[in-house]
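Sequence order for the protein chains is A and B.
Counting from 1, position 306 in the first sequence corresponds to residue 305 in numbering that gives the first Met the number 0; the numbering is continuous, with no gaps.
Counting from 1, position 256 in the second sequence corresponds to residue 255 in numbering that gives the first Met the number 0; the numbering is continuous, with no gaps.
2 protein chains.
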Amino acid sequence: MNTTHSLPSTPPSSLFLRACLGLEVERTPVWLMRQAGRYLPEYREVRKLAGDFLALCKTPELAARVTLQPIERFALDAAILFSDILVIPEAMGMTLTFLEGEGPHFPTPLNRPAELERLVLPDPEVQLGYVLRAVRTIRQQLPAPIPLIGFSGSPWTLATYMIEGGSSKKFTRIKTALYDDPHFLDALLERLAVAVTDYLNAQIDHGVAAVQLFDTWGGVLGPDEYRHFSLEPMARIIAGLKRLRPDGTRIPVILFSKGCGGYLETIAASGCDVIGLDWTTPLDQARSRLGPAIALQGNLDPAVLYAQPGRIRTEVGRVLGTMGGQNGHIFNLGHGIEPNVNPERVAVLVQTVHEESRRIKLNVVA
Amino acid sequence: MNTTHSLPSTPPSSLFLRACLGLEVERTPVWLMRQAGRYLPEYREVRKLAGDFLALCKTPELAARVTLQPIERFALDAAILFSDILVIPEAMGMTLTFLEGEGPHFPTPLNRPAELERLVLPDPEVQLGYVLRAVRTIRQQLPAPIPLIGFSGSPWTLATYMIEGGSSKKFTRIKTALYDDPHFLDALLERLAVAVTDYLNAQIDHGVAAVQLFDTWGGVLGPDEYRHFSLEPMARIIAGLKRLRPDGTRIPVILFSKGCGGYLETIAASGCDVIGLDWTTPLDQARSRLGPAIALQGNLDPAVLYAQPGRIRTEVGRVLGTMGGQNGHIFNLGHGIEPNVNPERVAVLVQTVHEESRRIKLNVVA
């Protein structure tokens with residue numbers, strides 16, 4: 000599906016980038032979904048400065064500052080751009096608000112095919128210029144060896160918010176569209192796929208070293224619906240990305256569809272380099288189903304961070320143990336860090352990944 | 000694990016019971032989770048009479064009436080007792096309220112090991128006598144050939160509500176207990192397993208012909224945690240059930256763990272006769288993983304009921320097609336019917352299962 004796999008590229012020195020490409024590493028690299036966020040008191044300070052959440056996303060200097068905070072605190076192997084997946088629908092012309100404690104809200108959700116005409120195809124340099132300025136600012140301030148990960152929501156996941164009007168438990172409106180008006184949904188997903196491709200390519204142009212597609216809601220679909228409505232638009236995006244930087248380094252693509260452990264073989268056919276796993280699919284099971292050609296990211300249950308340090312060390316060790324020192328693994332949580340986590344527990348996690356994965360690697364070699 | 004599999008039993012005549020035991024049937028039997036419920040206008044009438052939801056559960060005549068409503072309307076092959084999974088924690092002494100439009104609420108959730116002492120082991124004939132009276136009333140009024148399914152929540156699922164205080168998205172409190180105080184959680188689950196065993200045996204004594212364990216939240220656990228905290232208590236319940244009626248008929252046990260398609264082999268080892276599947280695991284995939292010795296129940300996405308009749312027929316045909324006329328299948332949804340479904344669409348579903356499964360069976364034989 001993706002022909003860039005065969006293009007020549009310069010082997011990167013970053014542990015994270017090397018692991019994304021399945022190359023030899025001396026220990027397992029680690030970053031954490033939502034590592035820049037509310038669990039950090041220094042984040043909450045900046046958030047207060049910004050006013051509301053969307054203002055924080057839209058102020059490049061502040062977005063850069065919170066992106067760097069976890070890097071300053073922990074020995075993480077990658078930074079991830081601080082932003083929100085819903086900046087895309089907003090850039091397409093939809094009004095977006097974040098109600099305190101209630102999450103995102105689109106007061107006029109998409110309802111009918113005619114409303115697709117309302118949606119503009121954003122020029123990332125214009126409507127999403129604030130994100131690109133944040134990328135440049137972060138790139139200037141981030142220590143050179145640390146790669147910056149860019150990201151976007153998947154078309155399916157973005158569409159759920161745009162049609163439901165916000166977070167959903169039952170996905171009534173989008174599933175009604177799926178079964179009763181699939182052409183409307185296909186047309187929306189196609190527009191989103193184009194917008195996301197442009198957006199991620201612009202992030203790459205401005206300096207991100209890898210990109211991740213967040214497909215938070217792929218798991219609410221059955222296998223055929225997942226393939227058509229979630230995976231295929233993502234595969235079209237991946238096929239349209241600039242996968243090589245001018246300096247010859249390759250841009251890895253991470254695909255994370257939560258709750259889709261049953262669909263790994265489908266996901267592997269998308270052209271992505273790395274599959275993100277939640278904690279319900281063991282890494283060794285995924286590896287034996289997919290082989291070593293695709294890297295894996297994950298997959299500690301974020302709830303383990305509520306535990307005492309000793310238990311965190313045990314559980315991190317269990318996850319690392321399932322990979323047994325094999326290459327092609329990036330340690331992460333199976334979903335984002337929760338806001339009520341104690342940052343000291345995150346330090347325990349990161350330190351354990353460093354020490355324990357190095358130990359396992361040495362034992363494998365010995 | 001369960002030795003009653005080898006006990007002699009009289010082959011039942013009900014299509015539903017035959018399918019649970021993998022016996023030959025001339026078409027696929029069908030019932031629907033939450034078939035007695037808010038989508039039916041006649042249910043909403045009775046609910047109004049009762050006052051609140053819990054009062055409806057606790058008034059045997061009214062609970063019986065709503066249990067029978069879907070049987071009067073549709074050609075369903077089984078009735079399921081109208082009740083709620085949370086009657087067990089209430090019978091154990093916890094205060095339970097249902098806030099209109101907000102779901103169940105325990106104002107004083109369980110917090111610490113010492114609070115386990117608050118929980119009584121209910122005598123089903125006393126604290127849950129209203130359920131057993133409903134079972135008897137239904138059994139008197141239900142046409143004799145139609146079996147009545149009894150049910151309970153699984154210990155893990157009940158514990159989530161008891162510890163979180165209601166529905167949860169992140170399961171913070173119970174997962175903290177799981178990692179930080181597993182003995183507390185184990186002790187709670189053990190108490191619940193005993194209470195559920197007694198409760199289901201009492202339902203069997205009073206006339207239910209099969210039982211289902213609803214494990215709505217098993218899927219939030221990783222594989223090892225699922226096995227220990229969700230599956231093992233259910234396996235202990237199953238081992239403690241009266242599996243043969245005095246007349247020699249066997250009581251099938253259905254186990255439904257939502258979102259656990261990755262754990263089917265574990266579930267099959269529980270001693271259950273039937274595994275309920277949500278719509279993310281194709282029936283043919285489950286059958287090839289588990290073999291024909293275990294029956295399967297499911298697995299249409301409940302959202303298909305939002306579609307037009309033609310699409311409903313197509314999707315029902317797809318589900319039946321994955322089984323290709325094999326025995327050991329009970330048609331159902333992959334989760335409960337949603338309240339905003341049009342009952343006429345349910346009629347289309349039921350009629351299609353009858354016609355299409357008969358047609359497939361004839362083609363297989365021919």
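Glycine residues also receive a C-beta, built at the ideal position from the N, C-alpha and C atoms.
What did DSSP end up calling B/R185 once you bin it into helix, strand or coil?
Looking up residue 185 of chain B in the second sequence gives position 186. This sequence places Asp at residue 185 of chain B; Arg is not what is there. B/D185: helix per DSSP, three-state reduction.
Using the beta-carbon of each residue, which ones in chain B are nearer than 8 Å to A/W216?
Residue numbering aside, residue 216 of chain A sits at position 217 when the first sequence is read from its first letter. Here the premise fails: no neighbours, minimum Cβ distance about 13 Å.
Have a look at A/F330 and A/Q34 and give me their C-alpha separation to the nearest angstrom.
Here residue 330 of chain A is taken as the residue at index 331 of the first sequence, counted from 1. Here residue 34 of chain A is taken as the residue at index 35 of the first sequence, counted from 1. Those two C-alpha atoms are separated by around 13 Å.
Within 10 Å of its beta-carbon, does A/P232 have 16 or more other beta-carbons around it, so buried, or fewer, so exposed?
For the purposes of this step, residue 232 of chain A is identified with residue 233 of the first sequence, where counting begins at 1. The residue is buried, with at least 16 neighbouring Cβ atoms inside 10 Å.
Roughly how far, in whole angstroms, is the beta-carbon of A/R135 from the beta-carbon of A/H205, given that I think they are within contact range, below 8 Å?
Counting from 1 along the first sequence, the entry for residue 135 of chain A is found at position 136. Counting from 1 along the first sequence, the entry for residue 205 of chain A is found at position 206. Contact holds; Cβ gap of about 5 Å.
Might you give, ordered along the chain, the residues of its own chain that have their beta carbon closer than 8 Å to the beta carbon of B/E144, omitting 5 neighbours on each side?
Locating residue 144 of chain B in the second sequence gives position 145, counting from the first residue. First, the amino acid is wrong: residue 144 of chain B is Pro here, not Glu. Correct list, in chain order: S12 and S13.
Using a Cβ-Cβ cutoff of less than 7 Å, which residues in the same chain neighbour A/L16 once the five nearest sequence positions on both sides are dropped?
For the purposes of this step, residue 16 of chain A is identified with residue 17 of the first sequence, where counting begins at 1. Excluding sequence neighbours, A/L16 sits near P146, A208, A209 and P251.
Output needed in chain order: residues of the segment 284-313 of chain A with a Cβ under 7 Å from some Cβ in chain B.
If you check each beta-carbon in the segment 284-313 of chain A against every beta-carbon of chain B, the ones closer than 7 Å belong to D300, A302, V303, Y305, A306, Q307 and R310.
Rank A/E116, A/F170, A/L85 and A/E114 by C-alpha distance to the C-alpha of A/H104 and give the top, closest one.
In the first sequence, residue 104 of chain A corresponds to position 105, counting from 1. That would be A/L85, whose Cα lies nearest to the Cα of A/H104.
Between B/N1 and chain A, is the shortest Cβ-Cβ distance under 7 Å, so that the two count as touching?
Looking up residue 1 of chain B in the second sequence gives position 2. Because the pLDDT of B/N1 is 41, which lies under 50, any placement of that residue in the model is unreliable, and the number read from its coordinates should be weighed accordingly. No, B/N1 does not count as interfacial toward chain A.
DSSP three-state call for A/G152: helix, strand or coil?
Here the question's residue 152 of chain A lines up with position 153 in the first sequence. Strand.
With a threshold of 6 Å on Cβ separation, who are the neighbours of A/G21 within its own chain once the five nearest residues in sequence on each side are excluded?
Looking up residue 21 of chain A in the first sequence gives position 22. Correct list, in chain order: A294, N326 and G327.
Mind listing which residues of the segment 330-348 of chain A have their C-beta closer than 9 Å to chain B's C-betas, in chain order?
The segment 330-348 of chain A vs chain B, Cβ under 9 Å: G333, E337 and N339.
Counting only Cβ pairs nearer than 7 Å, list the residues of chain B close to A/W278.
Locating residue 278 of chain A in the first sequence gives position 279, where the first residue counts as 1. Under the 7 Å cutoff, chain B gives G221.
Any beta-carbon of chain B closer than 7 Å to the one on A/D179?
As a first step, residue 179 of chain A is located in the first sequence; it is residue number 180 there, counting from the start. Judged by the 7 Å Cβ criterion, A/D179 is in contact with chain B.
Which residues in chain A have a C-beta closer than 9 Å to the C-beta of B/F170? List them in chain order.
Start at 1 with the first residue of the second sequence, and residue 170 of chain B comes out as number 171. Within 9 Å Cβ-Cβ: A302.
Scan the segment 264-305 of chain B and note each continuous alpha helix (DSSP H) run of 4 residues or more that stays entirely inside, going in chain order.
282-289
Taking CB distances under 7 Å as the criterion, tell me whether B/T96 reaches chain A.
As a first step, residue 96 of chain B must be located in the second sequence, where it is residue number 97. No, its Cβ sits nowhere closer than 7 Å to a Cβ of chain A.
Mind checking which residues open and close the beta strand (DSSP E) that includes B/I329?
Locating residue 329 of chain B in the second sequence gives position 330, where the first residue counts as 1. Residues H328 to L332.
Can you find the residues in the same chain that come closer than 7 Å, C-beta to C-beta, to A/A267, ignoring five residues on each side of it along the sequence?
Stepping through the first sequence from its first residue, residue 267 of chain A is reached at position 268. These residues qualify, in order along the chain: I274, L289 and I293.
DSSP on A/A209, reduced to helix/strand/coil?
Taking the first residue of the first sequence as 1, we reach residue 209 of chain A at position 210. The answer is strand: DSSP assigns A/A209 an E or B state.
Quick one: which chain B residues come within Cβ less than 7 Å of A/P281?
Within the first sequence, numbered from 1, the residue matching residue 281 of chain A stands at position 282. Simply P222.
Looking at the unbroken alpha helix (DSSP H) that takes in A/F15, where does it start and where does it end?
As a first step, residue 15 of chain A is located in the first sequence; it is residue number 16 there, counting from the start. It spans L14 to C19 - the alpha helix (DSSP H) in which A/F15 sits, taken as one unbroken run.
Does the segment 147-162 of chain B come into contact with the segment 189-200 of chain B, if we say contact requires no fewer than three beta-carbon pairs (one atom in each stretch) closer than 8 Å?
A contact exists between the segment 147-162 of chain B and the segment 189-200 of chain B.
DSSP on B/A78, reduced to helix/strand/coil?
Indexing the second sequence from 1 puts residue 78 of chain B at position 79. Three-state DSSP puts B/A78 in a strand.
Do you know how far the Cα of B/E99 is from the Cα of B/L53?
Your numbering for residue 53 of chain B matches position 54 in the second sequence. Your numbering for residue 99 of chain B matches position 100 in the second sequence. Between B/L53 and B/E99, the C-alpha separation is close to 11 Å.
Going straight from the alpha carbon of A/D51 to that of A/M91, what length do you get?
Position 52 of the first sequence, counted from the first residue, corresponds to residue 51 of chain A. Position 92 of the first sequence, counted from the first residue, corresponds to residue 91 of chain A. When rounded, the distance between both Cα atoms is 21 Å.
Let me see if you follow: with CB-CB separation under 7 Å, is A/K360 close to chain B or not?
Within the first sequence, numbered from 1, the residue matching residue 360 of chain A stands at position 361. Not an interface residue.
Strictly below 8 Å CB to CB, what residues from chain B border A/T366?
No statement about residue 366 of chain A is possible, as the shown extent of chain A runs from 0 to 365 and does not include it.
Taking the alpha-carbon of B/T354 as reference, which of B/G316, B/A194 and B/L188 has the nearest alpha-carbon?
As a first step, residue 354 of chain B is located in the second sequence; it is residue number 355 there, counting from the start. In the sequence as displayed, the identity of residue 354 of chain B is Glu instead of Thr. Considering only alpha carbons, the answer is B/G316.
Taking Cβ positions only, does A/G260 come closer than 7 Å to chain B?
Against the first sequence, residue 260 of chain A aligns to sequence position 261. So, interface residue.
Taking its Cβ as the centre, do 16 or more other Cβ atoms sit within 10 Å of B/D300, making it buried, or is it exposed?
Position 301 of the second sequence, counted from the first residue, corresponds to residue 300 of chain B. It is buried - the Cβ of B/D300 has at least 16 other Cβ atoms within 10 Å.
The beta strand (DSSP E) that contains B/T136, what's its start and end?
If you number the second sequence from 1, residue 136 of chain B lands on position 137. Per DSSP, B/T136 lies in no beta strand (DSSP E) segment; the continuous alpha helix (DSSP H) that holds it begins and ends at G128 to Q140.
Looking at the structure shown, is B/V252 part of a helix, part of a strand, or coil, going by DSSP?
Numbered from 1 along the second sequence, position 253 holds the residue referred to as residue 252 of chain B. Of the three classes helix, strand and coil, the one that applies to B/V252 here is strand, per DSSP.
Leaving out five residues on either side along the sequence, give the residues of the same chain with a beta carbon under 8 Å from the beta carbon of A/P362.
As a first step, residue 362 of chain A is located in the first sequence; it is residue number 363 there, counting from the start. Residue 362 of chain A is actually Asn in this sequence, not Pro. Closer than 8 Å at Cβ, skipping near neighbours: G324.
Go ahead and label A/G261 buried or exposed: buried means 16 or more other beta carbons lie within 10 angstroms of its beta carbon, across all protein chains shown.
The sequence position of residue 261 of chain A within the first sequence is 262, counting from 1. So A/G261 counts as buried.
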